[in-house]
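Participant: Its first residue numbered 6, the sequence shown is counted upward by one per residue in our numbering. Ideal Cβ placement from N, Cα and C applies to all residues, glycine included. All values derive from a computational prediction rather than experimental measurement.
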Amino acid sequence: MTVDGTYFDAMYASCDDPWGFRTRWYERRKRAVSMAALPRERYGCAFEPGCSIGLLTRELSFRCDQVLAWEGAHEAASRTREELADAGNVRVVWARVPEKWPKDEFDLVVLSELLYYFDDQDLAAVLDLAWGSLRSGGTLLAVHWRHPVAEHTRSGDDAHRALAGLPGLGRLVEHREEDFLLDVYQAGRCARPASVARAGGLV
Ligand SMILES: C[S@@+](CC[C@H](N)C(=O)[O-])C[C@H]1O[C@@H](n2cnc3c(N)ncnc32)[C@H](O)[C@@H]1O
């Protein structure tokens, strides 16, 4: 079963930063690795479903013209909206995926610490929608914790295996460490997308 919204509502009711996104070096480092792994210096429109309290959203706002951030927990969406009120290029919406999905096309879709909450059917729907909303040449970033968590429907490794099975995405970055997996894919016909150096004419 997909993890129910009440689970996240209860987490935010008892703590304003349930995962320690603000305070933990682990989380700050992972965000830095995530941002460094994005192949382009600048993006047009980005979509981040499950934005929590908006720490990664803030980083994305520095690299993207527009960021659409969706969050399924009401409390977290409100806090993110307040937190990023000074960022004119971020729109925060309270919405759960895959029940809803934006109609726009994006240059970047970020699936960070989200996919393990979905059952098989919802995972397939989210991956399909994410892939389908990327412009040709767009970037898909996925980042997930690898250690077991009782409440997770699947492991981070399992989620990344499902992503790797999608047709039409070429992997540009594959980062493996004991604690998390990070993959960057590029949408388009080319199975082997241009590396950052090749795209920049260095090789
Ligand atoms: C572990 S946090 C990840 C936050 C952020 N993406 C990051 O990596 O910094 C997961 C967030 O996803 C939200 N979430 C979980 N299931 C969701 C769904 N089906 N639709 C939208 N948001 C969801 C939760 O409320 C929570 O805030």
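If you pair each beta-carbon of the stretch 113 to 123 with each one of the stretch 144 to 160, do three or more pairs fall below 8 Å?
Facilitator: Here the stretch 113 to 123 lies against the stretch 144 to 160, with 3 or more beta-carbon pairs under 8 Å apart.
Participant: Give the straight-line distance between the Cα atoms of SER19 and GLU182, rounded to the nearest whole angstrom.
Facilitator: Indexing the sequence shown from 1 puts residue 19 at position 14. Indexing the sequence shown from 1 puts residue 182 at position 177. Straight-line spacing of the CA atoms in SER19 and GLU182 works out to 31 Å.
Participant: Evaluate SER66 with the Cβ neighbour count: other Cβ atoms within 10 Å of its Cβ, from every protein chain shown; 16 or more gives buried, anything less gives exposed.
Facilitator: Translated into positions along the sequence shown, residue 66 becomes position 61. Buried: at least 16 other Cβ atoms inside 10 Å.
Participant: Here's the rule I'm using: 16 or more other beta-carbon atoms within 10 Å means buried, otherwise exposed. How should THR28 be labelled?
Facilitator: Stepping through the sequence shown from its first residue, residue 28 is reached at position 23. Counting C-beta atoms within 10 angstroms of its own C-beta, THR28 has fewer than 16 neighbours from the protein chains shown and is therefore classed as exposed.
Participant: Tell me, which residues are paired with TRP150 by DSSP?
Facilitator: As a position in the sequence shown, residue 150 is number 145, starting the count at 1. DSSP output for TRP150 lists PHE185 as bridge partner(s).
Participant: What is the C-beta distance between ASP109 and CYS50, in whole angstroms, given that I count them as a contact (C-beta under 8 Å)?
Facilitator: Numbered from 1 along the sequence shown, position 104 holds the residue referred to as residue 109. Numbered from 1 along the sequence shown, position 45 holds the residue referred to as residue 50. That belief holds up - the Cβ atoms of ASP109 and CYS50 are roughly 7 Å apart, short of 8 Å.
Participant: My understanding is that TRP106 touches LEU134, with C-beta atoms under 8 Å, so please give their C-beta distance in whole angstroms.
Facilitator: If you number the sequence shown from 1, residue 106 lands on position 101. If you number the sequence shown from 1, residue 134 lands on position 129. With a Cβ gap of about 4 Å, TRP106 and LEU134 count as contacting.
Participant: Less than 6 Å between the CB of ARG101 and some heavy atom of ligand 1, yes or no?
Facilitator: Your numbering for residue 101 matches position 96 in the sequence shown. Because some heavy atom of ligand 1 lies under 6 Å away, the Cβ of ARG101 counts as near it: yes.
Participant: For SER19, name the three-state secondary structure that DSSP assigns.
Facilitator: Taking the first residue of the sequence shown as position 1, residue 19 is located at position 14. Reduced to three states, the DSSP call for SER19 is helix.
Participant: With a CB to CB cut of under 7 Å and the five nearest residues on each side skipped, what residues in its chain are close to LEU132?
Facilitator: Within the sequence shown, the letter at position 127 stands for residue 132. Within its own chain, the residues whose Cβ lies closer than 7 Å to the Cβ of LEU132, once the five positions on either side in sequence are excluded, are ALA167, LEU168, LEU171, listed in chain order.
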